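Input: a single structure, listed below in structure tokens.
Number of protein chains: 2
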Amino acid sequence: MRFTSEQRLDDGVIEREFTLGEIPGTLWTPGSAAPTPLILMAHNNGLPKAEPRLVARARYTAACGYAVATIDAAGCGVRPRSAADEQARADLRRAMQTGEPVDEIFESLVGPLVDKAAPEWRTTLDALLALPEIGGPVGYSGWTALGIRLAAVDPRIAAAGFFAGGYVPLAQREEARQVTIPLLLLLQWDDEGNPRQRALDLFDAFGSKEKTLHANLGGHLGTPWFEVEDGDRFFGRHLK
Amino acid sequence: MRFTSEQRLDDGVIEREFTLGEIPGTLWTPGSAAPTPLILMAHNNGLPKAEPRLVARARYTAACGYAVATIDAAGCGVRPRSAADEQARADLRRAMQTGEPVDEIFESLVGPLVDKAAPEWRTTLDALLALPEIGGPVGYSGWTALGIRLAAVDPRIAAAGFFAGGYVPLAQREEARQVTIPLLLLLQWDDEGNPRQRALDLFDAFGSKEKTLHANLGGHLGTPWFEVEDGDRFFGRHLK
Chain A
1 MRFTSEQRLD
11 DGVIEREFTL
21 GEIPGTLWTP
31 GSAAPTPLIL
41 MAHNNGLPKA
51 EPRLVARARY
61 TAACGYAVAT
71 IDAAGCGVRP
81 RSAADEQARA
91 DLRRAMQTGE
101 PVDEIFESLV
111 GPLVDKAAPE
121 WRTTLDALLA
131 LPEIGGPVGY
141 SGWTALGIRL
151 AAVDPRIAAA
161 GFFAGGYVPL
171 AQREEARQVT
181 IPLLLLLQWD
191 DEGNPRQRAL
201 DLFDAFGSKE
211 KTLHANLGGH
221 LGTPWFEVED
231 GDRFFGRHLK
Chain B
1 MRFTSEQRLD
11 DGVIEREFTL
21 GEIPGTLWTP
31 GSAAPTPLIL
41 MAHNNGLPKA
51 EPRLVARARY
61 TAACGYAVAT
71 IDAAGCGVRP
81 RSAADEQARA
91 DLRRAMQTGE
101 PVDEIFESLV
111 GPLVDKAAPE
121 WRTTLDALLA
131 LPEIGGPVGY
141 SGWTALGIRL
151 AAVDPRIAAA
161 GFFAGGYVPL
171 AQREEARQVT
181 IPLLLLLQWD
191 DEGNPRQRAL
201 DLFDAFGSKE
211 KTLHANLGGH
221 LGTPWFEVED
231 GDRFFGRHLK
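As given, the protein sequences belong to chains A and B, one line each in that order.
This note's numbering puts the first sequence at residues 1 to 240.
This note's numbering puts the second sequence at residues 1 to 240.
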């Protein structure tokens with residue numbers, strides 16, 4: 001893990017860019033010296049790690065006393081996309097505009113993305129936990145499909161907050177039953193791209209004994225800011 | 001309004017019993033002198049206002065800086081029950097045990113209870129707002145059916161937190177569309193007595209632009225304590 005830049009933000013949070021092999025990442029840590037819990041923050045596969053809403057969430061969360069890390073995993077963010085991925089994304093956009101069924105296209109795009117991204121997130125987690133300023137435990141926040149895979153296969157993940165969850169590949173819908181850590185599933189009631197009933201079915205499917213659903217009125221981008229604060233309180237109960 | 005007893009609790013909260021005509025009530029106020037927002041806290045029609053879980057919620061909420069009031073409205077708690085109500089409650093218990101349909105029995109019991117309780121809650125609100133230690137605005141917390149009626153007809157109610165919402169009389173399911181204040185609907189995912197889909201349909205029906213759903217795994221009595229804290233934060237956004 002090689003740090004390539006560092007800046008100290010107004011609230012004392014330190015924001016560092018890093019690379020780990022081909023993986024570009026960003027790490028936010030609170031100013032304090034003590035080892036802190038870590039939150040892996042991943043968002044929807046199509047967006048870069050520098051996307052402003054993710055950065056705002058990450059900075060807020062770090063200021064609350066967590067190390068927060070994100071990467072552009074293989075095929076995500078600024079990483080090169082395969083011709084097949086580009087084609088699938090174009091097909092998906094067209095199908096969503098015309099109202100055609102999107103399940104198969106979605107599966108062909110996101111299923112392989114999760115398979116490729118998960119090992120890179122775990123490699124990143126190995127490197128992060130070797131840093132003296134990061135202790136544990138580890139939480140996960142964001143992209144539902146990736147988070148299900150990580151929570152199902154990596155026992156270091158102690159609690160997770162997932163967003164949306166309407167379209168989740170078949171493999172992850174199955175893996176959801178193997179997820180037993182405390183969960184907070186956050187969804188938008190009128191999310192254009194995520195069918196509500198599927199998100200509710202997914203919530204039902206998780207194996208966790210302690211799981212909470214939050215839903216707010218509005219579309220995919222309408223999540224109110226207080227949900228970021230609620231997320232911090234959720235992680236506070238399980239990681240601190 | 002006549003206060004009949006007063007005690008100061010460990011956290012400075014003052015707990016007073018009162019009567020208002022035939023209505024017995026309890027008022028909790030924080031120790032501070034400044035006029036505070038008010039929360040009307042009503043619970044499910046069958047339970048008395050002295051029920052320990054309600055008292056614990058009320059004391060916590062008062063310590064957060066609110067006046068909190070509850071009453072046993074007509075037919076509720078310790079108030080006399082009509083022979084028809086007693087019969088309906090017996091029928092309801094039997095039907096729930098044997099798995100027979102409960103809709104009609106429920107409607108015949110709870111519909112009239114809401115009709116009788118709502119005016120008493122409004123009379124109580126008049127008297128409470130005349131006290132110098134209570135300012136405003138006013139929130140409502142608890143029993144869904146009564147809260148829908150109050151929020152639909154009384155413009156003084158500025159925000160409301162409802163619990164359960166599976167069985168709500170027909171009249172209130174209609175009135176839900178007229179409710180436009182900020183809402184937090186809290187439900188238990190496996191509530192034995194409140195069908196999940198109906199609670200979700202009710203959430204969908206509310207006219208409010210700002211509404212949030214919280215659901216937790218478990219049965220009717222399994223709500224985790226952090227939801228009381230979340231409720232306080234919800235009211236903090238709208239009443240303070």
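The beta carbon of each residue, even a glycine, is placed where N, CA and C say it ideally should be.
Since this is a predicted model, take the numbers as computed values, not measurements.
Which residues does DSSP list as the beta-bridge partners of proline 24/B? The partner list for proline 24/B (beta bridge, DSSP) reads Thr19/B.
Closest residue to threonine 212/B among Gln97/B, Gly161/B and Gly21/B (Cα-Cα distance): The residue from Gln97/B, Gly161/B and Gly21/B with its alpha-carbon nearest to that of threonine 212/B is Gly161/B.
Measuring only the C-alpha atoms, how far is glutamate 192/A from leucine 221/A? Between glutamate 192/A and leucine 221/A, the C-alpha separation is close to 10 angstroms.
So what's phenylalanine 162/A in DSSP terms, helix, strand or just coil? Three-state DSSP puts phenylalanine 162/A in a strand.
Residue nearest to alanine 34/B in terms of C-alpha spacing, selected from Gly236/B, Val153/B, Ile134/B and Arg173/B: For the set Gly236/B, Val153/B, Ile134/B and Arg173/B, the Cα lying nearest the Cα of alanine 34/B is the one of Ile134/B.
Helix, strand or coil for lysine 211/B? Go by DSSP, reduced to three states. When secondary structure is reduced to three states using DSSP, lysine 211/B falls in the strand class.
In whole angstroms, give me the CA-to-CA distance for arginine 173/A and proline 119/A. Spanning the alpha carbons of arginine 173/A and proline 119/A requires a straight line of approximately 19 angstroms.
What residues in its chain sit with their C-beta under 7 angstroms from that of valine 179/B, if we drop five residues either side in the sequence? Apart from the 5 residues on each side of it in sequence, valine 179/B sits with its Cβ closer than 7 angstroms to the Cβ of Ile148, Ala151, Ala152, Phe206, Gly207 and Ser208 in its chain, given in chain order.
Among Asn216/B, Ala159/B, Val168/B and Pro24/B, the one whose alpha carbon lies nearest that of glycine 236/B: Of the candidates Asn216/B, Ala159/B, Val168/B and Pro24/B, Ala159/B places its Cα closest to the Cα of glycine 236/B.
What are the boundary residues of the alpha helix (DSSP H) that leucine 217/B is part of? According to the DSSP assignment, leucine 217/B belongs to no alpha helix (DSSP H), since it is labelled neither H nor E.
Any idea which residues DSSP pairs arginine 2/A with across the strands? In the DSSP output, where bridge partners are listed per residue, arginine 2/A has Thr19/A.
Can you pull the DSSP bridge partners for tryptophan 143/A? According to DSSP, which records beta bridges pairwise, tryptophan 143/A is partnered with Phe163/A.
Span separating the alpha-carbon of glutamate 17/A from that of aspartate 204/A: Glutamate 17/A and aspartate 204/A have their C-alpha atoms some 38 angstroms from each other.
Less than 8 angstroms between the CB atoms is what I'm expecting for arginine 2/A and threonine 29/A, so what's the real figure, rounded? Not confirmed; about 16 angstroms, so no contact.
Buried or exposed by the 16-neighbour rule on C-beta atoms within 10 Å, applied to valine 78/B: It is exposed - the Cβ of valine 78/B has fewer than 16 other Cβ atoms within 10 Å.
Determine the direct distance from the alpha carbon of leucine 185/B to that of tryptophan 143/A, and round the result to whole angstroms. The alpha-carbon atoms of tryptophan 143/A and leucine 185/B are separated by roughly 25 angstroms.
Would you identify the three-state DSSP class for alanine 67/B, choosing helix, strand or coil? Note: alanine 67/B maps to strand in three-state DSSP.
When the distance is taken between beta carbons, is glycine 111/B closer than 8 angstroms to alanine 171/B? Note that the C-beta distance between alanine 171/B and glycine 111/B is below 8 angstroms.
I want to verify the contact list: residues of chain A whose CB lies under 7 angstroms from the CB of phenylalanine 106/B, in sequence order. The CB of phenylalanine 106/B never comes closer than 7 angstroms to any CB in chain A; the least such distance is about 24 angstroms.
For threonine 223/A, does the count of other Cβ atoms within 10 angstroms reach 16, so buried, or fall short, so exposed? Flag for threonine 223/A reads buried.
Anything in the segment 182 to 209 of chain B with a Cβ closer than 8 angstroms to a Cβ of chain A? List those residues in chain order, please. Against chain A - using a Cβ distance shorter than 8 angstroms - the residues of the segment 182 to 209 of chain B are Trp189, Leu200, Phe203, Asp204, Ser208 and Lys209.
Can you name the residues that DSSP bridges to threonine 29/A? According to DSSP, threonine 29/A bridges with Ile14/A.
Opening and closing residue of the beta strand (DSSP E) in which glutamine 188/A lies: Going by DSSP, glutamine 188/A is part of the beta strand (DSSP E) stretching over 183 to 188.
Can you give me the start and stop residues for the alpha helix (DSSP H) that proline 224/A sits inside? Segment: none, proline 224/A is in no alpha helix (DSSP H) and carries neither H nor E.
Comparing C-alpha positions only, which one of Asn45/B, Ile14/B and Val13/B sits nearest to alanine 164/B? Among Asn45/B, Ile14/B and Val13/B, the Cα nearest to that of alanine 164/B belongs to Asn45/B.
Hey, is aspartate 230/A's beta-carbon within less than 8 angstroms of any beta-carbon in chain B? Closer than 8 angstroms: yes.
Let me check understanding here. Comparing Cα to Cα, which of Ser32/B, Ile181/B, Asp10/B and Arg57/B lies closest to threonine 26/B? Nearest neighbour of threonine 26/B by Cα position, chosen from Ser32/B, Ile181/B, Asp10/B and Arg57/B, turns out to be Arg57/B.
Just curious, the beta strand (DSSP E) that threonine 36/B is in, first and last residue? It spans 36 to 42 - the beta strand (DSSP E) in which threonine 36/B sits, taken as one unbroken run.
Spatial neighbours of arginine 59/A in its chain, beta-carbon cut-off 7 angstroms, leaving aside the 5 residues before and after: Excluding sequence neighbours, arginine 59/A sits near Leu9, Val13 and Trp28.
Return yes when the Cβ of proline 195/A is within less than 8 angstroms of the Cβ of histidine 238/A, no when it is not. For histidine 238/A and proline 195/A, no; Cβs fall outside 8 angstroms.
Is there a Cβ from chain B that is less than 8 angstroms from the Cβ of histidine 214/A? By the rule that beta-carbons nearer than 8 angstroms mark a contact, histidine 214/A touches chain B.
Return the first residue and the last residue of the alpha helix (DSSP H) that glutamine 197/A is part of. 196 to 205 is the extent of the alpha helix (DSSP H) around glutamine 197/A.
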